Every structure is written in C-alpha cells, then in structure tokens.
Amino acid sequence: MIDQAFLNALKTEMPQLTWQTDVPMSRYTTLRVGGPADCLAEPGSSDELGTLLELAGRYRVPVTVIGNGSNLLVRDGGIRGLVIRFGRAFSACEAAGETIAAQSGILLSDLSQQAQNAGLSGLEFASGIPGTLGGAVVMNAGAYGGEIAQVIESAEVLSEGRIITVDHDALELSYRHSRMQRTGELVLSARFRLSKDDPAAIRERMADLRIRRQEKQPLNLPSAGSFFKRPAGAYAAQLIDEAGLKGCRMGGAMVSEKHAGFLVNVGNATAADFLMLMRQVQETVYKNSGFELEPEVRIIGEDA
Ligand SMILES: Cc1cc2nc3c(=O)[nH]c(=O)nc-3n(C[C@H](O)[C@H](O)[C@H](O)COP(=O)(O)OP(=O)(O)OC[C@H]3O[C@@H](n4cnc5c(N)ncnc54)[C@H](O)[C@@H]3O)c2cc1C
2 MIDQAFLNAL KTEMPQLTWQ TDVPMSRYTT LRVGGPADCL AEPGSSDELG TLLELAGRYR
62 VPVTVIGNGS NLLVRDGGIR GLVIRFGRAF SACEAAGETI AAQSGILLSD LSQQAQNAGL
122 SGLEFASGIP GTLGGAVVMN AGAYGGEIAQ VIESAEVLSE GRIITVDHDA LELSYRHSRM
182 QRTGELVLSA RFRLSKDDPA AIRERMADLR IRRQEKQPLN LPSAGSFFKR PAGAYAAQLI
242 DEAGLKGCRM GGAMVSEKHA GFLVNVGNAT AADFLMLMRQ VQETVYKNSG FELEPEVRII
302 GEDA
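Below you can see the structure in the form of structure tokens.
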C-alpha cells in the first residue's frame, strides 16, 4: 500500500495536481489490461513534475513513468507506488525554421500534424503511431523506413534531479532502444530537425501511410502494436505465421488473424492471458525456426 503521508502531502502541497488512487491500468494502456496503480498523477508543468518527484523521493514512493500506454503490458497485480502519466497538459509544441520542439506528452499524431502544417517533412512515419513523444524517444519508435533516430536533434531529460540536454549521439538510439531504457531518465521534451516541403505533399504521404496501416493492422482491436522485436535476419510476423499461430488464443488474448505480429485483446483478456500467449508463441516459433523472439512491449507491474 502507498504511504498515506505521501497522499496527504499531495493534497496539501499540490492542490492543483490531477491525481487518483487505485486506478485500473487497463484504462491507460492500449492493450486494455493491467491491475491497479496505487496512485496515478498527470503533472501539468515542469514545476509540478519537479514538486511531485520531490515528494515521491521524500516519502520513498517508487515512480513509474508512462505516456499513452501503447507499448505496455501491465501485469494483473498492478503497479505499486506512483505512476506519472505525461499527457495533454504536457504537450506544448513550437516549429521554428527547420526544427520543431515539443513536450513529452504530445501525441505523435498531433506532432506530425503540426509539422505538416508548418511545411516540415520527416515525421510522416510517426503520424500513425499511437504513442506520445516521450514514449517514442524512449522506444526509438519507427515505421515504414523512418525512425526517431533519423530526425531527433536532442532531448531534454531529467537526470538525477537535474534537467540536461542530451544530444542525438548521447541518446544511444538503436532499434527500439535508447539510453533511457538503461538509465530510467525522464524525457521532458525533444527537438527534431526536419526539412522544408510542400504541406500538400506531406499530407499525401501521411494519408498513404494511414491506408497502409489500415490494410495491414488489426486497428479495430486493442493491442500494443507489434508485440515482438524483429529478430536479426527475419520478420517476427512471418515467423509466427509460418509456425501456424495465427488465431492461437489464450483466454481473451489472441494472435491476430490479420497481422501475426500483433497480439490482440478479443474480450476481457488479462495480463496473464497475454503472458501465456507470449510464451506459447516464443516456444512454438523457436521449435519451428530456431529464432528467439523478444518482446518489444515493456512488461511492468506485479503479478496478481
Ligand atoms: C496499433 C498500434 C500500432 C503501433 N505501431 C507502431 C509502429 O509502427 N512503430 C513503433 O515503433 N511502435 C508502434 N507501436 C507501439 C507504441 O505506439 C510505440 O512504442 C510508442 O512510441 C509508445 O509511446 P507511449 O507514449 O504509448 O509509451 P508507453 O507505452 O506509455 O511507454 C513505453 C515506455 O516508455 C517509457 N516512457 C514513456 N514516456 C516516458 C517519458 N516521458 N520519459 C521516460 N520514459 C517514458 C515507459 O516507462 C515505457 O518503458 C504501436 C502500438 C499500437 C497500439
């Protein structure tokens, strides 16, 4: 249980803060599974975030950071301590010259839209990824030949209580990896270097990618996108398909019939269902092809 003294301090020292206790994480993840977080707060500014982290430190409350929850599998026992969610209130964005800078809670769809409005090309690949800027930088999100590493110039991160600017190379971006996965640092904002282009041409490319996604991906069902990383020399979806796993089901979790790389929630799935299905897929693919599939989805929280 979370320290009541911490909750009392939130009430008295941060009366403006938006927060709740005992919050089902299924509401905050696109897979729609996950047990309760002891406390979930959505800071509205850097100052609020600073005070919140100071209080969490003072009362020794563990902190988990999330964005849009689109790459998360939260176990059924939920998350002890404080979950900080970067959302709408943390989504300022500004284009200047050939750069665009934004805060970590902005959705990639909004960021790429604002880039398009400003006649800046380079973020088209991100327009259909349903995450926030923070989550995308941490995951080095990518699609259709583009990825964050190609366009990011720097990020502001909170590192041991100090805000520092981390340049491209120091972000250690590689396939679905960044230094923040190693350090646990918080991403506050990022700056991207783009190139000038005709807004209509950018819009057209975004529309084309949207159609390609709709054709290939089961966007009508809750998922976390591609569940597994692409192993060197192969495609996860193809390996899963070749192992005969399309439609394979554990409780409410199923390998999508439309795209075998997606594990989808077909109704009232639990995190345990997804974990069982994940192991089943890993074992079967290994037996069938010798490839070891590693989850791309971040698995967090406690078992029930
Ligand atoms: C339908 C669908 C399609 C998808 N397609 C793609 C795709 O084409 N390409 C792709 O790469 N991904 C894809 N994804 C996965 C997902 O959208 C991306 O990984 C996205 O970047 C995650 O962002 P998020 O805000 O949801 O992060 P979350 O899932 O909330 O968090 C992901 C990780 O980042 C950390 N984190 C989040 N915000 C911060 C922050 N501000 N500071 C520090 N750590 C933070 C969390 O602790 C966690 O470890 C897809 C998902 C879905 C559901």
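Numbering (this note's numbering), first residue to last: 2 to 305.
All C-beta atoms in this analysis are idealised placements derived from N, C-alpha and C, irrespective of residue type, glycine included.
Here the structure is a predicted model, which is why all the values come from computation and not from measurement.
- For F7, the uninterrupted alpha helix (DSSP H) run begins and ends at 5-14, by DSSP.
- The region 246-263 makes contact with the region 217-234; the number of CB pairs closer than 8 angstroms reaches 3 or more.
- Placement of the Cβ of S113 at a distance of 6 angstroms or more from every heavy atom of ligand 1 is found.
- Shortest Cα-Cα distance from D168 to any of L159, F7, I153 involves I153.
- Per the DSSP secondary-structure output, V152 pairs with nothing in a beta bridge.
- Not a single heavy atom of ligand 1 lies less than 6 angstroms from the C-beta of R192.
- Selection L18, Q21, E186 evaluated against V66 yields E186 as nearest (Cα-Cα).
- For F275, the closest of S290, R250, G291 by C-alpha to C-alpha distance is R250.
- Annotation for V298: N72, L74, A225, F228 place their beta carbon closer than 6 angstroms to its own, counting only its chain and skipping 5 residues before and after.
- In its chain, beyond the 5 residues on either side, S27, P223, N266 have a beta carbon closer than 7 angstroms to the beta carbon of R33.
- Sequence-distant partners of K197 (beyond 5 residues in either direction) whose C-beta falls short of 8 angstroms from its own C-beta, in its chain, are E99, G120, L121, S122.
- Residue state for L159 is assigned as strand, using DSSP reduced to three classes.
- Judged by the Cβ position, L187 qualifies as a neighbour of ligand 1 at the 6 angstroms threshold, a heavy atom of the ligand being closer than this.
- In the DSSP annotation of this structure, the continuous segment of the beta strand (DSSP E) that includes F193 starts and ends at 187-194.
- With a cutoff of 6 angstroms, L73 counts as near ligand 1, since its C-beta is closer than that to a heavy atom of the ligand.
- With a cutoff of 7 angstroms on beta-carbon distance, M207 and S128 are scored as near each other.
- Around the C-beta of Q117, 16 or more other C-beta atoms lie within 10 Å, and the residue is accordingly described as buried.
- Per DSSP, reduced to three states, the secondary structure at E258 is coil, with no helix or strand assignment.
- Annotation: A244 to A261 spans about 10 angstroms, alpha carbon to alpha carbon.
- Beta bridge pairing from DSSP links I67 with R86.
- Residue environment analysis places G302 among the buried positions, since at least 16 neighbouring C-beta atoms fall within 10 angstroms of its C-beta.
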